[in-house]
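*Asks:* Numbering-wise (the numbering used here), the sequence shown opens with residue 165 and increments by one.
Heads up, the beta-carbon is just placed ideally off N, CA and C, and yes, glycines get one too.
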Amino acid sequence: MPKNIETALTKIIRNFIWDDKRSPPISLEQLQRPKKEGGINLLDIKSRNEAIEVTWIKAYLDLSPSRPAWTFIIDLLLHNLNPNKESADPTNPFLLSWDPPTRGPRANTLPLEIKSLLKTAKQFNISFAPIKISKDLKKQLPTWCHIGAPKKTYHKSKDKCLHESHKSQTIKNMLKICKRLTDIRNFSQPHFPRKDCPCPPCKKDRINGCLNPHKCAATAREILSKITPKFDTRTKPKRDELSLTHRRKEKNIQAHERRRGEILFDPTVTIRTSLKDCFRIFVNPNNNSPTPAH
Numbered sequence: 165m166p167k168n169i170e171t172a173l174t175k176i177i178r179n180f181i182w183d184d185k186r187s188p189p190i191s192l193e194q195l196q197r198p199k200k201e202g203g204i205n206l207l208d209i210k211s212r213n214e215a216i217e218v219t220w221i222k223a224y225l226d227l228s229p230s231r232p233a234w235t236f237i238i239d240l241l242l243h244n245l246n247p248n249k250e251s252a253d254p255t256n257p258f259l260l261s262w263d264p265p266t267r268g269p270r271a272n273t274l275p276l277e278i279k280s281l282l283k284t285a286k287q288f289n290i291s292f293a294p295i296k297i298s299k300d301l302k303k304q305l306p307t308w309c310h311i312g313a314p315k316k317t318y319h320k321s322k323d324k325c326l327h328e329s330h331k332s333q334t335i336k337n338m339l340k341i342c343k344r345l346t347d348i349r350n351f352s353q354p355h356f357p358r359k360d361c362p363c364p365p366c367k368k369d370r371i372n373g374c375l376n377p378h379k380c381a382a383t384a385r386e387i388l389s390k391i392t393p394k395f396d397t398r399t400k401p402k403r404d405e406l407s408l409t410h411r412r413k414e415k416n417i418q419a420h421e422r423r424r425g426e427i428l429f430d431p432t433v434t435i436r437t438s439l440k441d442c443f444r445i446f447v448n449p450n451n452n453s454p455t456p457a458h
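#1: Among the candidates Met165, Asn416, Thr317 and Cys374, whose CA atom is the shortest distance from the CA of Glu328?
#2: By DSSP, does Pro188 sit in helix, in strand, or in coil?
#3: Classify Arg424: buried if its beta carbon has 16 or more other beta carbons within 10 angstroms, exposed otherwise.
#4: With distance defined between alpha-carbon atoms, name the residue in Asn246, Pro189, Gln287 and Lys402 nearest to Arg270.
#5: Quick one: what's Pro306 bridged to in DSSP?
#6: For the alpha helix (DSSP H) that contains Ile420, what are its first and last residues?
#7: Name the one or two DSSP bridge partners that Ile297 has.
#8: Could you work out which residue in Asp208, Lys210, Glu193 and Ile209 is closest to Gly202 when comparing CA atoms only?
#9: Starting from the C-beta of Lys283, find all residues in its chain whose C-beta is less than 7 Å away, skip the five residues before and the five after it, and write them out in chain order.
#10: Measure the Cβ-Cβ separation of Ile341 and Ala381 and say whether it is below 8 Å.
#11: Short check: CB of Leu339 to CB of Lys390, under 8 Å?
#12: In or out: Asn448 buried (at least 16 other Cβ within 10 Å) or exposed?
#13: In angstroms with no decimal places, state the Cα-to-Cα distance between Val218 and Ser230.
#14: Could you tell me which uninterrupted alpha helix (DSSP H) segments, each at least 4 residues in length, are contained entirely in the segment 216-258, listed from first to last along the chain?
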């Protein structure tokens, strides 16, 4: 809702309650409280609008195949503001280390609805903040502007081939590229650390336009090595003995589908479902640890 409409509605409500008195004896904030706290449960237009904005943000952060079409348009518009847009494909900026601007000349190119969406997300500290995620979800994260990559992780000229020839847009792509450096058992021809390596992956990369596949594989490995432990696929979680057994999980699924029976609480902290379940609201940035929970 536009700010002027919100202000006008609030004024109408105040005038109705106090019969157009210039100096109301009780503030609207007090009247908006529950009856037990001395209020009358008066509708809070501002809070209601903020709650609606949060539901729109929730829909925008749904990264499943059923994601609404309008969310892709927002991705494109925000991607145009990314200073590193040449090396990254349009994606949800909440998955990146880059924050879209909410003010200034670049932000003014956005529609008011998108600016309002971003401001609400910033106001309530909505961010990608899982305490622990599975290896499969780590592989789905974007390679460029990775949320767990420290400064000076990327080098524009060195990374150019990885982006253009290898199309390495996700961590899964990067792992596949550097796999040849360590896993030589799956190849008929072993990999050699040279420009004209005859191994099958290097041959395929040269056909796709890469001039030095070994160098690109080494660069990919270097980028992956700098990612923080929480999002590093090499991080092996400690066994906490909290997860339910496979049999117990199956019983939970059956009970949920039948809407009958006992569902045992699963205390594991590892998120395995999808990336959309990793977003949190009211996150304290100072408490967002770069290491996974145990």
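*Replies:* This is what the structure gives:
#1: As a position in the sequence shown, residue 328 is number 164, starting the count at 1. Of the candidates Met165, Asn416, Thr317 and Cys374, the one whose C-alpha sits nearest the C-alpha of Glu328 is Cys374.
#2: Reading the sequence shown from its first residue, position 24 is the one you call residue 188. Correct three-state label for Pro188: coil.
#3: Within the sequence shown, numbered from 1, the residue matching residue 424 stands at position 260. With fewer than 16 other Cβ atoms inside 10 Å of its own Cβ, Arg424 counts as exposed.
#4: In the sequence shown, residue 270 corresponds to position 106, counting from 1. The shortest Cα separation from Arg270 among Asn246, Pro189, Gln287 and Lys402 belongs to Asn246.
#5: By 1-based counting over the sequence shown, the position of residue 306 is 142. Thr334, per the DSSP bridge assignment.
#6: Position 256 of the sequence shown, counted from the start, is the residue given in the question as residue 420. One point to set straight first is that residue 420 is His, not Ile, in the sequence displayed. Unbroken alpha helix (DSSP H) run through His420: His410 to Arg422.
#7: Taking the first residue of the sequence shown as position 1, residue 297 is located at position 133. Per DSSP, Ile435.
#8: Here the question's residue 202 lines up with position 38 in the sequence shown. For the residues Asp208, Lys210, Glu193 and Ile209, the minimum Cα distance to Gly202 belongs to Glu193.
#9: By 1-based counting over the sequence shown, the position of residue 283 is 119. Around Lys283: Thr266.
#10: Taking the sequence shown and counting its residues from 1, one reaches residue 341 at position 177. Taking the sequence shown and counting its residues from 1, one reaches residue 381 at position 217. The answer is yes: Cβ separation under 8 Å.
#11: In the sequence shown, counting from the first residue as 1, residue 339 sits at position 175. In the sequence shown, counting from the first residue as 1, residue 390 sits at position 226. Against a cut-off of 8 Å, the Cβ pair of Lys390 and Leu339 comes out as no contact.
#12: Here the question's residue 448 lines up with position 284 in the sequence shown. Exposed.
#13: One-based indexing of the sequence shown puts residue 218 at position 54. One-based indexing of the sequence shown puts residue 230 at position 66. Roughly 19 Å separates the two Cα atoms.
#14: 233-243
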